[in-house]
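Working notes for the structure below.
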Amino acid sequence: MRLTVRHHDPYPLTYALARGGGMADGDMARMAAGAALRAAGPAVAPGAASLSHRDGRAAAALAPIGVRIGIDLERARAVPREHERMFATSAERRTWPRWRDASGLWALKEAAWKAFGCPDDLPFTALELEIGRGGTVSAVRVDGRAHAARSLLRRPWPGWVLALVWAEEAP
Ligand SMILES: CC(C)(COP(=O)(O)OP(=O)(O)OC[C@H]1O[C@@H](n2cnc3c(N)ncnc32)[C@H](O)[C@@H]1OP(=O)(O)O)[C@@H](O)C(=O)NCCC(=O)NCCS
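First residue of the sequence shown: 3, per this note's numbering; consecutive thereafter.
And the structure:
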């Protein structure tokens with residue numbers, strides 16, 4: 003299995019990517035979480051972890067105490083633009099840049115879903131991303147309450163998108 007660890011500043015976020023090795027995807031995700039934990043080192047006490055895995059690839063992210071985090075790994079261009087209305091609110095569709103792949107919006111929304119630990123039966127409209135310039139998340143609205151948030155959208159391998167969404171927990 004090939005593991006790659008990345009750090010993101012100024013927040014000490016650590017995430018790891020895994021591929022290959024013939025292991026079950028879920029096990030790969032847990033190995034990636036272990037690698038991120040070792041790489042983060044003792045200076046960063048991890049508060050939250052999030053996992054994502056599919057089709058022989060996996061990713062895991064760690065955030066420090068007091069920060070919620072969600073990660074999602076998806077195939078690029080897997081979501082046709084015309085399917086956006088099945089998972090995105092009208093405000094999200096209006097603000098998501100036309101030039102960006104709709105799979106990125108899906109991945110960001112899934113990552114936010116995990117960061118806020120939303121239950122599967124919550125209607126998709128109950129979670130709404132506030133999207134700024136270039137497709138960056140500035141806040142996540144859950145049941146009408148806005149939480150300041152940040153995001154990263156990456157292309158970890160050709161044909162894949164990786165989304166991270168994180169937010170400081172309310173004091
Ligand atoms: C929860 C959900 C986001 C998981 O995503 P997925 O693409 O199916 O799978 P991923 O591999 O990316 O993530 C799976 C991991 O997420 C984590 N997870 C599962 N449910 C979760 C939840 N409610 N909150 C936070 N993390 C969760 C687990 O670690 C899981 O790994 P495991 O199965 O090995 O234990 C998915 O079940 C879902 O989409 N639920 C409905 C939400 C919805 O309507 N989304 C539409 C877009 S808004």
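Where a beta carbon is used, it is the ideal one built from N, C-alpha and C, also for glycine.
8 angstroms contact criterion, which residue i and residue j should meet: CB distance rounded
| i | j | result |
| --- | --- | --- |
| G137 | L155 | 7 angstroms |
| L5 | M33 | 7 angstroms |
| A151 | A169 | 4 angstroms |
| A61 | L124 | No, A61 and L124 are not in contact; Cβ-Cβ is about 23 angstroms, not under 8 angstroms. |
| A38 | L64 | 5 angstroms |
| H175 | M30 | The requested residue 175 is not part of the displayed model; the chain covers only 3 to 173. |
Endpoints, the beta strand (DSSP E) within which residue i is located
| i | result |
| --- | --- |
| V97 | Going by the sequence as given, residue 97 is Thr instead of Val. Run containing T97: none in the beta strand (DSSP E); it sits in the alpha helix (DSSP H), 92-97. |
| A165 | 162-170 |
| E112 | Where E112 is concerned, there is no enclosing beta strand (DSSP E), although the alpha helix (DSSP H) it sits in stretches over 104-117. |
| P66 | 59-66 |
| A20 | 15-21 |
| G49 | 48-56 |
| D74 | 69-77 |
| V81 | Careful: V81 lies outside any beta strand (DSSP E) and carries neither H nor E. |
| E132 | 129-133 |
| R143 | 139-144 |
Proximity of residue i and residue j at Cβ, strictly below 8 angstroms
| i | j | result |
| --- | --- | --- |
| V69 | A114 | no |
| I73 | G49 | no |
| T91 | E130 | yes |
| A104 | P82 | yes |
| A20 | V7 | no |
| A109 | E76 | yes |
| A51 | A35 | yes |
| A128 | V144 | yes |
| P12 | V46 | no |
Where the alpha helix (DSSP H) containing residue i begins and where it ends
| i | result |
| --- | --- |
| R40 | 27-42 |
Buried or exposed (CB count within 10 angstroms, at least 16 for buried), residue i
| i | result |
| --- | --- |
| R100 | exposed |
| M88 | exposed |
| R157 | exposed |
| E94 | buried |
| T16 | buried |
| R59 | buried |
| E179 | The first residue shown for the chain is 3 and the last is 173, placing residue 179 beyond what the model contains. |
| H9 | exposed |
| G134 | exposed |
| A117 | buried |
| G22 | exposed |
| G28 | exposed |
| G146 | exposed |
| G119 | exposed |
| G43 | exposed |
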